[in-house]
Structure formats: C-alpha cells, structure tokens
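J.: If you're matching positions, the sequence shown starts at 724 in this note's numbering and goes up one per residue.
Quick reminder that beta carbons are idealized off the backbone N, C-alpha and C, glycines included.
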Amino acid sequence: MYQAIILGFILIITLYVLKRMREPKLNMPPLVRYKIPIIGHTYSYLYNTEEFLKQCRKEYGDIFCLYIWGQVRIIVGKEHSQEVLSRDDVFDFSEAFERIFPGDVMLKTLERFTNASKVLKEYILNKMKFYNERMQNSLYSATQKQIGECDEPKVIYNIYKLMTKIISTPIANIFVGEEVSQYEEIITTFAEFTSDSAIFLMIPPILDFIYPGLQNYINRIIIRLGLYNPAAKHQNILIKHLKKQICKRLQDKEKYGESWKRPDDFLQDTMEEDDFDPNNVDYPFIADKLGAFIFVSIHTTSRTCANVVIDLASRPEYMQELYEEQLEVHKEADENGILPFEALNNMKKLDSFIRESLRLTGFITGLQ
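1. Taking DSSP as the reference, what is the three-state secondary structure of isoleucine 969?
2. Suppose you measure from the CA of glutamate 1051 to the CA of proline 1063; what does that come to, to the nearest Å?
3. Is phenylalanine 999 helix, strand or coil by DSSP?
4. Can you say whether phenylalanine 913 is buried or exposed, counting buried as having 16 or more other CB atoms within 10 angstroms of its CB?
5. Could you check where the alpha helix (DSSP H) with isoleucine 1017 kicks off and where it finishes?
6. Determine the closest residue to leucine 830 out of Lys844, Ile1021, Ala1010 and Ser1075, with distance taken between C-alpha atoms.
7. With burial defined as no fewer than 16 other Cβ atoms inside 10 Å of the residue's Cβ, what is the status of histidine 1053: buried or exposed?
8. For serine 1080, which residues in the same chain have their Cβ closer than 7 angstroms to its Cβ, ignoring the five residues on either side in sequence?
9. What's the C-alpha gap between glutamate 901 and aspartate 785?
10. Are the CB atoms of alanine 1015 and alanine 839 within a distance shorter than 8 angstroms?
11. Please classify threonine 765 as buried or exposed, where buried requires at least 16 other C-beta atoms within 10 Å of its C-beta.
12. With a threshold of 7 angstroms (Cβ to nearest heavy atom), would alanine 1056 be considered close to the ligand GDP?
13. Would you kindly work out how many angstroms separate the C-alpha atoms of glutamate 908 and alanine 955, rounded to a whole number?
14. Residue range of the beta strand (DSSP E) that valine 755 falls in?
15. Tell me where the beta strand (DSSP E) around leucine 830 begins and ends.
16. Which residues in the same chain as valine 1028 place their Cβ atom closer than 6 angstroms to its Cβ, once the five residues preceding and following it in sequence are excluded?
17. Ordered along the chain, which non-local residues of its own chain (more than five positions away) have a Cβ less than 8 angstroms from that of phenylalanine 775?
18. Classify arginine 745: buried if its beta carbon has 16 or more other beta carbons within 10 angstroms, exposed otherwise.
19. For tyrosine 1041, which three-state DSSP category applies?
20. According to the Cβ coordinates, are alanine 865 and lysine 888 closer than 8 angstroms?
21. Which of the three DSSP states is assigned to valine 903 in this structure?
22. By how many angstroms is the C-alpha of tyrosine 770 removed from the C-alpha of tyrosine 790?
23. For tyrosine 757, I'd like the list of residues in its chain whose CB is within less than 7 angstroms of its CB, leaving aside the five on either flank, ordered along the chain.
24. What's the gap between the Cα of lysine 868 and the Cα of methionine 925?
25. Just how far apart, CA to CA, sit isoleucine 1061 and threonine 1023?
26. Whose C-alpha, out of Thr917, Tyr1006 and Phe787, is nearest the C-alpha of phenylalanine 824?
27. Which of the three DSSP states is assigned to valine 842 in this structure?
28. Would you identify the three-state DSSP class for valine 673, choosing helix, strand or coil?
29. What is the DSSP secondary structure of tyrosine 766, counted as helix, strand or coil?
30. Just verifying my parser: in three-state terms, what is the DSSP assignment at arginine 822?
31. Going straight from the alpha carbon of leucine 1083 to that of methionine 1042, what length do you get?
32. Identify whether tyrosine 790 lies in helix, strand or coil by the three-state DSSP scheme.
33. Over the uninterrupted alpha helix (DSSP H) stretch that includes isoleucine 945, give me the two end residues.
34. Within this structure, are the beta carbons of glutamate 1040 and lysine 1072 separated by less than 8 angstroms?
35. Considering only C-alpha positions, which residue in the set Val828, Ile960 and Val842 is nearest to glycine 949?
36. Is leucine 965 near tyrosine 1006, with beta carbons less than 8 angstroms apart?
Below is the structure:
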C-alpha cells in the first residue's frame, strides 16, 4: 500500500513539473522543441554542443530557450551579450553565479565585500604600469624555477598545472607583497585555490532534474555543516601569513615613523581603508577578499596561457615569426632586461595569435 502511495505521489509531481515546463510564457524567448521529457536538451547540449546550438540559432534566432538540467535557460547570442550585461537592473551576474556556485558560503564574510569592482580597479588595474618591473621579475624567476633553461628536452605532463604555478607568482607578489610571496605554500594556495573550489562547478547538477536549484542547495548544506569546504585549508594558510605580515607592518610603521618604507601591494592598500581597525584586524575578511580575487584571476589566466602554448606547439610554422617579433621588441629593454609597459603595444603578432587561440578554445556558451 505504501509503495502505491509513494509511486502515485511521484507520478503527480512528475506530471505537474512536465505541465509547468510546457506552459508557454509570453515574456520568454521561444523554447526549442525537444523529444525526451525531463531530460530535455541536456544530452544534445553536453555531447554535441556546437552543432546543436548552430541548428537552434538557425531555426529560432539569436535568443532562445533550452531545457537543461531540469530548468529552462535562455541562450543569448554574442551580438546581444553586451546589451544583457549592461542592464544591471534586470541582470545580476553575481546573483546568477551564486545559483550554480556556493562561493558566498565558502567565503563566509564575502557578503560584506560590496565594492569589489572599485577595489580591483583602484588597487590593481590602475597600477599595472607601476607593477610592471616586479611582474616581469616574478615571471622570470617563476619560469626559471618551474621550467629552467631547458638545455635538454624536458617533458611537461600537465601544462595547466605548470602555468598556475608560474602565473601565481607575480599575482601573489602584487596581492600580498614580495616578502610573503616567497613562501612556497602561498604560491601553492594561489595556484590551487580555484581548482579545488571549482569542484562544485565540475559536478553535473543531476539533482536539478528533481527540482531546479536542488544541487546548489545540497552543496551549500554540505559546506554549512562543515562536512566539506575546499577553500578552508587555503583560507587558513592565508590567515596565518596575513597575521604575521600585518603585525610586522603595523609594528614597523610605529617604530620607524616617517622613515618607514611603505610596501606597495594590495594588502597595504587594504590596510589603509577607512574601516580597517589596527586594534581589531578582521583577518578572515581580508583572506576572503584575497580568495575572491584569486578565484577570478588565476584560473582564467592560466587556462588561456596553457591553451596558447598548446596551440603554438601544434603550429610550429608560426614560431619563427613570433620569435623574431620578440627579438625586435626586446631591443627596448633597459640594462636589467625589463621591458617598458608600452612595449606590449608592439607585440602585434603575439596579440593576434593569443586572440585567435581565445576564439578557438573559449567556451561555446559564455552567457546563458
């Protein structure tokens, strides 16, 4: 008897969900037809993405809806993506990302960090020219350490992992300073923070077939209960080094007064904010700030560099031309081998090669 009741309950829910799925919504783009209930377009989207989206676009236009992982998603053509992103009154990228990734739960104090774009612009982007020499020195030392001179052939089994180590070195230098970035565990934290945390993005949201958003809800429960938080070990490492470094800077500033040499990095800029209390330093909040920027910077840059290296290795006919351009550009270097920031504008062939690599290896669906 109980089995019959349970089966009947499941059947009623299934019919209700199917009915809701097929109800037309006048304010939505057209929904692409599908044959398999519940599954919808999921299989075609996963295993034949490019051809499937081309066919959908041909039949339904630049904007259409697909039923994927138990919910309707709007697919927007690249011609209209900027229009969507600029409408912050109807589209919130942060909120959309939170629906698939529990970053606000992993980094518990992040909800207080409301001016991330402004901080990134003022503390990092506007100072790129100032950080130019340090970045080049850090990249060179990291490359020497991870690859070496390569007088003999060397086998690299995981180019992405190698790139994360190399890219993490200059980024750590800018964020936490030259002294802290010398520690190997700091470089490891910068390199592995994103890949460890992104496990929630790599797991297919199968539970969403039962109810939209259920997978993300379960992930959040797992983190809140303390069962698993991939960011925790990296936060602990950051907090450990932040405590030592912040205490040292506060003591040195008090000791040396006006003769104190101010460190130039993201951490020092953070310490000079109005809400920073030297008598009650909120180390978890600062660590969460760093974690947020690490997440969005390391993975994207490392993945792009890895793809470019692979593309270059598979197209040896371009190597000589790119090499000759680099030789020409390096004539602008000073006596220490440091290129001026403006030299980037003269790397036109390299810029074109990177752009083409991005075009060929980028995500097929960037906005959905």
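T.: Walking through what the data contain:
1. helix
2. 14 angstroms
3. coil
4. buried
5. 1006-1036
6. Ala1010
7. exposed
8. Asn1030, Val1031 and Asp1034
9. 48 angstroms
10. yes
11. buried
12. You won't find the ligand GDP in this model; it holds no ligand whatsoever.
13. 14 angstroms
14. Careful: valine 755 lies outside any beta strand (DSSP E) and carries neither H nor E.
15. Premise fails: leucine 830 is in no beta strand (DSSP E) and is neither H nor E.
16. Checking the sequence shown, residue 1028 turns out to be cysteine, not valine. Result list for cysteine 1028: Met886, in chain order.
17. His764, Ser767 and Tyr768
18. Legend: pLDDT at arginine 745 = 49, less than 50; position of this residue unreliable, no value from coordinates given.
19. helix
20. yes
21. helix
22. 15 angstroms
23. Gly763, His764 and Tyr790
24. 30 angstroms
25. 25 angstroms
26. Thr917
27. helix
28. Here the chain covers residues 724 to 1091 and nothing more, so residue 673 does not appear.
29. helix
30. coil
31. 18 angstroms
32. strand
33. 937-947
34. no
35. Val828
36. yes
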